[in-house]
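1 is the number of the first residue of the sequence shown in the working numbering; add one for each residue after it.
Read the structure below first, then the notes.
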Amino acid sequence: MKRLEGYRNFCNKLWNASRFVLMNTEGQDCGFNSGEMTLSLADRWILAEFNQTIKAYREALDSFRFDIAAGILYEFTWNQFCDWYLELTKPVMNGGTEAELRGTRHTLVTVLEGLLRLAHPIIPFITETIWQRVKVLCGITADTIMLQPVPAVRCISG
1 MKRLEGYRNF
11 CNKLWNASRF
21 VLMNTEGQDC
31 GFNSGEMTLS
41 LADRWILAEF
51 NQTIKAYREA
61 LDSFRFDIAA
71 GILYEFTWNQ
81 FCDWYLELTK
91 PVMNGGTEAE
101 LRGTRHTLVT
111 VLEGLLRLAH
121 PIIPFITETI
131 WQRVKVLCGI
141 TADTIMLQPV
151 PAVRCISG
């Protein structure tokens, strides 16, 4: 029973993190079209952590270790993204320059959208529901998350 409670808590954590991201990005310039964008140290850190998460997740899937893949997502979502990064964005959201705001919004949306794609095979209904709102911010025109590719490790600049 404790394990099921843990899964429920994880879904709640992802839902609430998504609400925070959407609350701070919908109707705002998220840097997907143009404009100066400055990535903070926290932005660069979470992008690097997310790259490592993608790499480890893909390795786990290649080895058919779905349990490890799920654990990797849980660890990143709960400990890095929610507990640290979302908290580190609050000072920028409350007083950063337009370039800093654009960079932080871009990072929030980029990581959340990629995280939803990684988590989709494990929790499809929640991720599809959230992704339908996030895709608009990224300029994605696809109808469903299930046809999106698994995220790949990216080069980080900024």
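Backbone N, C-alpha and C define an ideal beta-carbon position, used for all residues, glycine too.
As the structure is a computational prediction, the values presented were derived from the model and not from experiment.
When V109, E128, S34 and N94 are compared, the shortest CA-CA separation from C11 is found for E128.
No Cβ-Cβ contact shorter than 9 Å links G139 with E98. Taking A119 as the centre and dropping the five residues before and after it, the same chain places the C-beta of L73 and T127 closer than 6 Å to its C-beta, in chain order.
With 16 or more neighbouring CB atoms inside 10 Å of its own CB, E113 falls in the buried class. Scanning its chain for C-beta atoms nearer than 7 Å, with the 5 sequence neighbours on each side dropped, one finds around L86 the residues A17 and F20, in chain order.
Contact fails between the segment 23 to 32 and the segment 56 to 70, because fewer than three Cβ pairs, one in each stretch, are under 8 Å apart.
Here E36 carries a coil assignment [DSSP, helix/strand/coil].
In summary, L108 is buried, with 16 or more beta-carbon neighbours lying within 10 Å of its beta-carbon over all protein chains present. Taking the CA atoms as reference points, L14 sits about 8 Å from C82. Contact annotation: F76 and L22 have beta-carbon atoms that are not nearer than 9 Å. For I122, there is no enclosing alpha helix (DSSP H), as DSSP gives it neither H nor E. In this chain, the alpha helix (DSSP H) harbouring A17 covers K2 to T25.
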